[in-house]
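Read through the structure below, which is laid out as structure tokens, and then see the notes.
Numbering (this note's numbering), first residue to last: 17 to 374.
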């Protein structure tokens, strides 16, 4: 079995070295399972304006000098064009070993927490033939604070509500079957890929209804990421996520209307992107003009309320106050997102944590 680990990094000079070290400190590298033949670790800095490339290369060079109990290769492949979806396409379809049985995709600013995380993700996915993807538990860095503010507690409650969904996964770190990921393409101009990827996985690229067993949660597996804590940043991130949901809804309508027995969603996106790289932006522009004053998906404000059904008893009761706060915030967020999407102001919406806290 061959594994490729792809780290996508944008302006992560303060965190990329730590991320690489946390990955290579895993039991996967120290005591690999007998069924694993080789590991390829590749970092893909994209559009970086800081020292990410040099820091990543130093960390990789250090790792390459060590003696490993398995065949391991270390590479840094820089992409001049920024954007996570473009970097993902390049990594999965061009940079990574095209014969890799499994791929683990990682952001450049996370820390792998549990030492058995990666072995557990691989073993869980390998042991579930109907599953396409395995996920660890994603933990906000504020969960480790001894003194948590009210804002921290609300953020953690809302995170717990999101994790209650049986089909969600950590977009910052996940493991998937290589043949499945190599069927998937993202269109140029997409500003958030994890929710869309989740939908593609659950529906087998629009070939079936949602099958939740296609995403499996690995035990003894966790990663830590930095949560946004300042109110302005939280609002901007929520607005970006709302804009993403609006754009994704338009894309889903198009894909479901055009998928055929010969062409799944990934193939449609690949062909369209080859013929016209700007087709996705054209689609969004046309849909915005057609929909009029309100372009966001129906019922989007109530999504957190719907998540409550995945909790029971005391956990549901404890989540109610945070859910109410979340719904109120979502009203303002979606109004702002609707305004931004109607104006087609969808560039420059990413926030960078530049974290040293995890």
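Glycine included, C-beta positions come from ideal geometry on N, C-alpha and C.
Keep in mind that this is a model prediction, so the values were computed, not measured.
Following the continuous beta strand (DSSP E) through residue 87, name the residue where it begins and the one where it ends. Mapped onto the chain shown, residue 87 falls at position 71. That run of the beta strand (DSSP E) goes 87-92.
Report the residue from 296, 80, 253, 324 whose alpha carbon sits nearest the alpha carbon of residue 346. Residue numbering aside, residue 346 sits at position 330 when the chain shown is read from its first letter. For residue 346, the nearest C-alpha among the options comes from 253.
Put residue 330 into one of helix, strand or coil per three-state DSSP. Counting from one through the chain shown, the residue named residue 330 turns up at place 314. Helix, per DSSP.
Which residue or residues does DSSP assign as beta-bridge partners of residue 123? For the purposes of this step, residue 123 is taken as the residue at position 107 of the chain shown. Beta-bridge pairing links residue 123 to 24.
Where do the ends of the alpha helix (DSSP H) carrying residue 109 lie? For this step, residue 109 is matched to residue 93 along the chain shown. Run containing residue 109: none; DSSP gives neither H nor E here.
Assuming residue 189 contacts residue 126 under a Cβ cut-off of 8 Å, what Cβ separation, rounded to an integer in Å, is found between them? Your numbering for residue 189 matches position 173 in the chain shown. Your numbering for residue 126 matches position 110 in the chain shown. Yes, they are in contact, since the Cβ atoms of residue 189 and residue 126 sit about 6 Å apart, within 8 Å.
Tell whether a beta-carbon distance below 8 Å holds between residue 108 and residue 119. Here the question's residue 108 lines up with position 92 in the chain shown. Here the question's residue 119 lines up with position 103 in the chain shown. In contact: residue 108 and residue 119 (Cβ atoms closer than 8 Å).
Please check the pair residue 238 and residue 313, which I expect to be a contact at CB under 8 Å, by giving their CB distance rounded to whole angstroms. In the chain shown, the residue the question calls residue 238 occupies position 222. In the chain shown, the residue the question calls residue 313 occupies position 297. The pair is not a contact, with the Cβ atoms about 31 Å apart (cut-off 8 Å).
Spatial neighbours of residue 99 within its chain, please: CB distance less than 7 Å, with the 5 preceding and 5 following residues excluded, ordered by chain position. Here residue 99 refers to the residue found at position 83 when the chain shown is read from its first residue. Counting only Cβ-Cβ distances below 7 Å, and skipping sequence neighbours, we find 62, 63.
Which residue's Cα is closest to the Cα of residue 307: 317, 355, 335, 341? As a working mapping, residue 307 is identified with position 291 in the chain shown. That would be 355, whose Cα lies nearest to the Cα of residue 307.
Can you confirm whether the region 194-206 touches the region 91-105 when touching is taken to mean that 3 or more C-beta pairs between the two stretches lie within less than 8 Å? yes
Where does residue 48 land, buried or exposed, given buried means 16+ other C-beta within 10 angstroms? Sequence index remark: in the chain shown, residue 48 carries index 32 (1-based). When all chains shown are included, residue 48 counts as buried.
Do residue 44 and residue 116 have their C-beta atoms within less than 8 Å of each other? Along the chain shown, read from residue 1 onward, the residue named residue 44 stands at position 28. Along the chain shown, read from residue 1 onward, the residue named residue 116 stands at position 100. Cβ distance not < 8 Å, so residue 44 and residue 116 don't count as in contact.
Can you give me the C-alpha to C-alpha distance between residue 222 and residue 285, rounded to a whole angstrom? Residue 222 sits at position 206 when you count from the first residue of the chain shown. Residue 285 sits at position 269 when you count from the first residue of the chain shown. Computed Cα separation, rounded: 12 Å.
Just to confirm, are residue 88 and residue 72 a CB contact at a threshold of 8 Å? Within the chain shown, numbered from 1, the residue matching residue 88 stands at position 72. Within the chain shown, numbered from 1, the residue matching residue 72 stands at position 56. Against a cut-off of 8 Å, the Cβ pair of residue 72 and residue 88 comes out as no contact.
Taking residue 236 and residue 142 to be in contact with their CB atoms under 8 Å, please state how far apart those CB atoms are, rounded to whole angstroms. Translated into positions along the chain shown, residue 236 becomes position 220. Translated into positions along the chain shown, residue 142 becomes position 126. That belief does not hold up - the Cβ atoms of residue 236 and residue 142 are roughly 15 Å apart, past 8 Å.
Looking only at DSSP bridge pairs, what is residue 212 linked to? Taking the chain shown and counting its residues from 1, one reaches residue 212 at position 196. Looking at the DSSP assignment, residue 212 forms no beta bridge with any residue, so it has no partner.
Opening and closing residue of the alpha helix (DSSP H) in which residue 135 lies: Position 119 of the chain shown, counted from the start, is the residue given in the question as residue 135. Residue range 133-142 is occupied by the alpha helix (DSSP H) that includes residue 135.
Which of helix, strand or coil does DSSP assign to residue 162? Translated into the one-based positions of the chain shown, residue 162 becomes position 146. Note: residue 162 maps to coil in three-state DSSP.
Pair within 8 Å by beta-carbon distance, residue 35 and residue 23: One-based indexing of the chain shown puts residue 35 at position 19. One-based indexing of the chain shown puts residue 23 at position 7. A contact, by the Cβ cut-off of 8 Å.
For a test of the three-state rule: what should DSSP assign to residue 236, helix, strand or coil? By 1-based counting over the chain shown, the position of residue 236 is 220. Strand, per DSSP.
Answer yes or no: the CB of residue 107 versus the heavy atoms of the ligand COA, is any distance below 7 Å? Among the components modelled here there is no ligand, and therefore nothing to report on the ligand COA.
Is the distance from the Cβ of residue 155 to the Cβ of residue 171 below 8 Å? Within the chain shown, the letter at position 139 stands for residue 155. Within the chain shown, the letter at position 155 stands for residue 171. For residue 155 and residue 171, no; Cβs fall outside 8 Å.
Whose CA, out of 216, 46, 328, lies closest to the CA of residue 85? In the chain shown, counting from the first residue as 1, residue 85 sits at position 69. The shortest C-alpha separation from residue 85 is found at 46.
Just confirm the distance between the C-beta atoms of residue 288 and residue 211, as a whole number of angstroms; I'd bet it's less than 8 Å. Position 272 of the chain shown holds residue 288. Position 195 of the chain shown holds residue 211. Going by Cβ atoms, the distance from residue 288 to residue 211 rounds to 20 Å, so no, they are not a contact pair.
Using a Cβ-Cβ cut-off of 7 Å (strictly less than) and excluding sequence neighbours within five positions of residue 185, which residues of its own chain qualify? Numbered from 1 along the chain shown, position 169 holds the residue referred to as residue 185. So the list reads 149, 151, 214, 231, once near-sequence residues are dropped.
Which of the three DSSP states, helix, strand or coil, is assigned to residue 276? Along the chain shown, one-based indexing puts residue 276 at 260. Reduced to three states, the DSSP call for residue 276 is coil.
Cα-Cα separation, residue 378 to residue 166: With the chain represented from 17 up to 374, any question about residue 378 goes unanswered, as that position is not in the structure.
Can you check whether the C-beta of residue 215 is within less than 8 Å of a C-beta belonging to chain E? In summary, chain E is missing from the structure at hand, where a single protein chain is found.
Could I get the ranges of all uninterrupted beta strand (DSSP E) runs contained in the region 49-88, with 3 residues as the minimum, in chain order? 54-61
Can you tell me where the alpha helix (DSSP H) holding residue 362 begins and where it ends? Numbered from its first residue, the chain shown carries residue 362 at position 346. Taken as a continuous stretch (DSSP letters only), residue 362 belongs to no alpha helix (DSSP H), as it is neither H nor E.
Start and end of the alpha helix (DSSP H) containing residue 301? The count along the chain shown starts at 1 and reaches residue 301 at position 285. Run containing residue 301: 295-307, per the alpha helix (DSSP H) assignment.
Reducing DSSP to helix, strand and coil, say where residue 38 ends up. In the chain shown, the residue the question calls residue 38 occupies position 22. Looking at residue 38 - three-state DSSP - the assignment turns out to be helix.
For residue 114, does the count of other Cβ atoms within 10 angstroms reach 16, so buried, or fall short, so exposed? As a first step, residue 114 must be located in the chain shown, where it is residue number 98. The residue is exposed, with fewer than 16 neighbouring Cβ atoms inside 10 Å.
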